[in-house]
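Here's the structure, in structure tokens; my notes come after.
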Amino acid sequence: MILSGRLISLPYAAVWKVMACRSLNPAIVFYCGDALDYAVFEPVLPHLPPIPIVAKNRAVQRALAREGVSSGVWPVFPRAVIMARHALHRFPLRAITKIGLRHGAYHFKQFIRPDRYNAFDLFVFTSTQEVRLAREHGIHSGVAGGFPKLDPMFAPGARHAADAIRRERGFKPERPSVLFTATWDRSGLSAIERWYRRVHELVKEYNVMVTVHPQTSRRYVHALQNEGVHLIREARIWPYLLLADVMVGDTSSILAEFCALDKPMITYRVGQQGRLTAEIQDMLERISLRIDSFDELSPAIARSLAQPDAQSAERRRASALMFDELDGAHGIRTAHHIMKILRERGILGADAGEISAPVP
């Protein structure tokens, strides 16, 4: 347990037990460390009983409000918690049932320590392949439920919703659309430094969209607020994935989401270091055009647009490993796993209702 968890564990446990004696503990909550967490979990919510949303702090609560989501603020003292991150130090009590989801699709970087996963009573991975790899890594809490954040892209009417965003944002329909993404700049695995100063050079030829890691340093975010560059502020980025003709990235897990759409990708080489595994490095070589500098980017975009199916077979193969099925039903599968453990633990009773949709 990290230091903050140790410091709060005794007072937290005392309050939790007092509330339990008085039957005041909420049955289950969803904890949000940022607005992106909610975007991951949102497709699961319709298949579960009502679950309160709890923000990490007031800033996250305000960010959720901008997305139209009402939430309370931690601390809370539930019988069970669901989260799309490793933040169990906020709920430092073994009596609380803990359910984890992927914050980003698949394990686009090395698994963190097995004990961080095994501290969850249930952890929902994106595919059966990922569950197998997790077990090889010593992780035993995993089940395959998919990545619910994908579901809106495969829902009826998704393309019409994306086209409405295109019109609202003023994107030129005659221009191809290029979506830039970057993982956290302090991870050692980001390529944002190689393009953030020059991305504006492309705006006369393309609709340029940019999405970056929520914790990206402010100097990059400020520099990307160039005229003609659309910096995506929303946590629900799926319409922009549908609108993009090409993605430019590094090791961000959003590449996995774009791969599910079988569209061309260009990725910067960042070297095999830290948590970038040989498996992911090899996958990037197969599913994307690889470049080292911004000067290589324009020819790579032109090639991707001219030959969008060039790496399609590899993208589809990778997607099948990362997500099993792309049927818009990951939220339903995840909900079934959640309901099962909550019923087994007696947290939800018979009066909680059933999931209306069957497991596909």
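The sequence shown begins at 1 in my numbering and counts up by one.
Ideal Cβ positions, reconstructed from N, Cα and C, are used throughout, including at glycine.
Just so you know, these numbers come straight off a predicted model, no measurement behind them.
- Residue 98 sits in a strand when the DSSP states are folded into three classes.
- Annotation for residue 61: 55, 71, 73 place their beta carbon closer than 7 Å to its own, counting only its chain and skipping 5 residues before and after.
- Put simply, of 196, 10, 175 the residue whose alpha carbon is nearest the alpha carbon of residue 183 is 196.
- For residue 211, no alpha helix (DSSP H) segment is defined; the enclosing uninterrupted segment is the beta strand (DSSP E) at 207–212.
- Pairing residue 130 with residue 103 gives a Cβ-Cβ distance that is not under 9 Å.
- Around the beta carbon of residue 185, 16 or more other beta carbons sit within 10 angstroms, so the residue counts as buried.
- The shortest CA-to-CA distance from residue 344 to any of 23, 68, 101, 122 is the one to 122.
- DSSP, reduced to helix, strand and coil, places residue 280 within a helical segment of the structure shown.
- If you look at residue 256, you'll find it in the alpha helix (DSSP H) that goes 254–259.
- The residue among 168, 67, 306 with its C-alpha nearest the C-alpha of residue 32 is 67.
- Counting along the chain, residue 177 sits inside the beta strand (DSSP E) bounded by residues 177–182.
- For a cut-off of 8 Å, the C-beta gap from residue 224 to residue 231 is around 5 Å, short enough to register as a contact.
- Put simply, of 289, 142, 47 the residue whose alpha carbon is nearest the alpha carbon of residue 126 is 142.
- With a contact defined as Cβ atoms closer than 8 Å, residue 145 and residue 114 miss out at about 19 Å.
- Judged by DSSP in its simplified three-state form, residue 342 adopts helix.
- In the three-state reduction of the DSSP assignment, residue 86 falls in the coil class, being assigned neither a helical nor a strand state.
- Nearest Cα to residue 294 within the set 165, 201, 348, 136: 201.
- In summary, residue 173 is exposed, with fewer than 16 beta-carbon neighbours lying within 10 Å of its beta-carbon over all protein chains present.
- For residue 28, the three-state secondary structure derived from DSSP is strand.
- The continuous alpha helix (DSSP H) containing residue 135 extends over residues 128–136.
- Contact between residue 25 and residue 92 does not hold, since their C-beta atoms are separated by about 15 Å, which reaches or exceeds 8 Å.
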